[in-house]
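The numbers in my numbering rise by one with no breaks, and the one at position 562 of the sequence shown is 563. Virtual Cβ for every residue (Gly too), placed ideally from N, Cα, C. Quantities reported herein were computed from a predicted structural model and do not represent experimental measurements.
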Amino acid sequence: MKKDFICELLCEEIPVKEQLVFLNEKKAFENILNSSRLGFESVQIFVTPRRLSIYVHGLDEMQKGLKEEILGPPVDIAEKDGVPTKAGEGFAKKTGIDWKDFHRAEKGGKLCIAYWKIEEGRKSTDVLGAVLPDFIKSIHFSKSMRWCDYEYTFSRPLKSVLALHGTDLVPFNIYNLDSCRKLYGHRFLSPDFVEIERAEDYIELLKRYNVNIDHKERQRLIYVELQALAQDHKLDLIEDPDLLEEVSLLLEQPTVVLGQFSESFLEVPEEAILSAMRKHQRYFGFRKNGALAPYFATALGTRLKDPSLALRGNVRVLSARLSDASFFFREDLSRPLESRKPRLEAMVYHQKLGTLWDKVERIISLSKWFAPICAADPQKAERAAFLCKMDLETHMVYEFPELQGLMGRYYASKQGEDASVSAAVFEHYLPRNAQDFLPSVPEGVTVALADRLDTITGGVAAGLKPTGSADPFALRRNALGLIRITLEHGLSWSLEEGILKAASNLKIPCNGTDIKAFIIDRLRNYLAEKFPKEMVEAVISCGDDNICDVNERINAISRMSQTPSFSPLVALFKRMNILKKAENIGDQIDETALVEKAEIDLNRILQDVTGRVENKTNIGEYTDALEILSTLYEPVDTFFDDEKGVRVMADDEKCRSNRLTLLKQLDQLFRKIADFKMLAGLS
2 MKKDFICELL CEEIPVKEQL VFLNEKKAFE NILNSSRLGF ESVQIFVTPR
52 RLSIYVHGLD EMQKGLKEEI LGPPVDIAEK DGVPTKAGEG FAKKTGIDWK
102 DFHRAEKGGK LCIAYWKIEE GRKSTDVLGA VLPDFIKSIH FSKSMRWCDY
152 EYTFSRPLKS VLALHGTDLV PFNIYNLDSC RKLYGHRFLS PDFVEIERAE
202 DYIELLKRYN VNIDHKERQR LIYVELQALA QDHKLDLIED PDLLEEVSLL
252 LEQPTVVLGQ FSESFLEVPE EAILSAMRKH QRYFGFRKNG ALAPYFATAL
302 GTRLKDPSLA LRGNVRVLSA RLSDASFFFR EDLSRPLESR KPRLEAMVYH
352 QKLGTLWDKV ERIISLSKWF APICAADPQK AERAAFLCKM DLETHMVYEF
402 PELQGLMGRY YASKQGEDAS VSAAVFEHYL PRNAQDFLPS VPEGVTVALA
452 DRLDTITGGV AAGLKPTGSA DPFALRRNAL GLIRITLEHG LSWSLEEGIL
502 KAASNLKIPC NGTDIKAFII DRLRNYLAEK FPKEMVEAVI SCGDDNICDV
552 NERINAISRM SQTPSFSPLV ALFKRMNILK KAENIGDQID ETALVEKAEI
602 DLNRILQDVT GRVENKTNIG EYTDALEILS TLYEPVDTFF DDEKGVRVMA
652 DDEKCRSNRL TLLKQLDQLF RKIADFKMLA GLS
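Shown next as structure tokens:
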């Protein structure tokens, strides 16, 4: 018979990120049920700021029985003339099975002694009581704590443990707490507990006691109320899925109210207003006719008959924050951005890499190098590089660090800087993550590349290369940003030259090979998300100094792989592995030593094709180059043919050397795009 199961851990206030950890435990608990031979229909994980709950629909009342054949040693080792040997007696003693109860079973072609291990299924409540403590202790929260004088840890102190299967209590003890039937409602609206009779009543009973246990349902209800308020006041909600999820995890019974702040605060850049609302207060913002409106919405934890008092408190707190922001904004504008240089000269960036101003000077130097590559105005790019970190010393960015770059753009614009310079001050931070926009103005692209290359070069030189998940200077993210900007803007530049330029600005030793390898590793991972790994390696192994060029070559190979000519051509290169075994292969063909028609024809066609292919690869037209190379299929196929072809490893040393040189030249021509020998797995 199937019954529902509930286990609820009632805790002190649980941070949002720890609730998210618990939400990911569904698969782990399903695995425990399966390994415990407990049949079930489905598992749901519920979280609130006070509860971590596992609800299992249709859990079997009894554990499935076990009948498993256990194999022992081979018969010729376990017995002799029907009598057990020492090995046989040892196995029987170890298993506790009488010799007469063993049977014979085959394993790997050998006959072995064996027995049936049979276990009767236990009650599910007994099985669950045994596995739940270990499961709860195995949850890896990002931060755990101890309480009282206990040695054990958990996200937050446990207050009560509810565990029922149908009407049956699941008995176990965890952290000095015995499981029970007590169900507590909303902390303020229903503070007392009730005794729950059946697991099936859990969700509805909590609703009766003012707790909505399903965070997805809470999220939906908050969104519906937000949209209703927006419609009533002719506003447009500023969509914020992350904030919506966070707020749904902060409250057990949310209700949404609308507040208003003074329009005078709208003089502050809207990003600062929204940051104060979102980051500090968890408020939702609105627009009206496309512009930020002086309204906000907040979710309360209880449904009040008159929410005006609570709303006044929220308005007062937000007004205080916006008043500070307004003061900071005006105060920052009273000084030119460039006047903040002395403060940057006093701010240490890293003990091995100097001050923040030292970094700015390196960015300026690299911006001069990148400007022509990015088709940027050299003077504007240099000016943007000069100003790019100035806003880090402003009051506004100190208060709202997430506004770095944004405030610099506002201040630069209001203080009369060129539009492209102002844009570049902000855009040089883009992309801030894998989903973010890229810089758009050439000066922004220039400073963004300069900043990232300096960060990577300096970081690796200073021994800050990431290890495992630790990447305090975000070198991986900077490398990925550098790659994305380069590829999506189609910028052709030499990694080695760029790294050499960046290294020349440093005052510490720098290994350019390590820095390039670090960037190429990120490029390899980036491309492997779109193309087969063999294809990525085949291209990178034939030249990795120009990121854009690598991308062009791999795209050409990918397009060719969709054509009928690809597989036969790649298959031929499996025969080219002979080059790996050969030694001292020459570079020049001795045409007087070409005696067979197949090798004469291949050499003639190869010489004709080589110049045409090089002309195409020199200007990056790799698709056209591959089309020309594909014409080599027939002469190469004939060259290797058993009847019409030649024996490469001929007895005559001159013939053998000549034929190997011919294959080497063929391989080198293809390697202007990729190592086709590495593509064998794709044919």
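Per DSSP, R304 lies in no alpha helix (DSSP H) and is assigned neither H nor E. Per DSSP, R209 lies in no beta strand (DSSP E); the unbroken alpha helix (DSSP H) holding it starts and ends at 203 to 209. Residues S566, P569, L570, L573 of the same chain have their beta carbon placed closer than 8 Å to that of Y634, with the five preceding and five following residues left out of the count. Straight through space, the alpha carbons of R51 and I15 are spaced by roughly 6 Å. In chain order, H58, G59 place their CB closer than 6 Å to the CB of E42, counting only its own chain and leaving out the 5 sequence neighbours on each side. Sequence-distant Cβ neighbours of V537 in its own chain, meaning closer than 7 Å and more than five residues away, are R525, L528, A529, I555.
Across the structure, L259 and Y296 are spaced so that their CA atoms are roughly 7 Å apart. Non-local beta-carbon contacts of D455 in its own chain, meaning distances under 8 Å to residues more than five positions away in sequence, involve K360, R363, I364, L367, A503, N506 in chain order. Residue range 309 to 334 is occupied by the alpha helix (DSSP H) that includes E332. R52 carries a strand assignment under DSSP once its states are collapsed to helix, strand and coil. Taking the Cβ atoms as the reference, I204 lies roughly 11 Å from I197, outside the contact range of under 8 Å. For H104, the enclosing beta strand (DSSP E) has its first and last residue at 104 to 108. Nearest to R188 by alpha-carbon distance, out of E13, D452, I484, is E13.
In this structure, the CA atom of R344 is about 7 Å from the CA atom of E394.
Judged by DSSP in its simplified three-state form, R199 adopts coil rather than helix or strand. Sequence-distant Cβ neighbours of V22 in its own chain, meaning closer than 6 Å and more than five residues away, are F142. V446 counts as buried, since at least 16 other C-beta atoms from the protein chains shown sit within 10 angstroms of its C-beta. For V162, no alpha helix (DSSP H) run applies; the uninterrupted beta strand (DSSP E) run containing it begins and ends at 159 to 166, by DSSP. P443 counts as buried, since no fewer than 16 other beta carbons sit within 10 angstroms of its beta carbon. Here E19 is buried: its Cβ has 16 or more other Cβ atoms, across all protein chains shown, within 10 Å. Under the Cβ criterion (8 Å, minimum of three pairs), the stretch 146 to 157 does not count as touching the stretch 89 to 101. Inclusion of V162 and L34 in the CB contact set at 8 Å is not warranted, their separation being larger than that value. In the structure shown, the three-state DSSP call for R525 is helix. Taking a cut-off of 8 Å on C-beta distances, the stretch 303 to 312 touches the stretch 251 to 271, as three or more cross pairs fall below it. Between R199 and T168, the gap from beta carbon to beta carbon is short of 8 Å.
Residue pairing from DSSP places Q261 in a beta bridge opposite Y296.
Three or more Cβ pairs closer than 8 Å define a contact, and the stretch 308 to 315 falls short of that threshold against the stretch 386 to 406. The stretch 61 to 75 makes no contact with the stretch 235 to 246; the number of CB pairs closer than 8 Å stays below 3. Nearest Cα to F103 within the set G109, G110, I114: I114.
Per DSSP, the continuous beta strand (DSSP E) segment holding C8 begins and ends at 3 to 12. Contact holds between the stretch 611 to 628 and the stretch 666 to 675, because three or more Cβ pairs, one in each stretch, are under 8 Å apart. Only buried fits L603, as 16 or more other CB atoms lie within 10 angstroms of its CB. Annotation: E400 to K280 spans about 11 Å, alpha carbon to alpha carbon. From the listed residues W494, A106, E497, A321, the smallest Cα separation to D77 is found for A106. Non-local beta-carbon contacts of A451 in its own chain, meaning distances under 6 Å to residues more than five positions away in sequence, involve I364, L367, S368, F371 in chain order. Judged by beta-carbon spacing, L439 lies within the 8 Å limit of R485, meaning their Cβ atoms are closer than that value.
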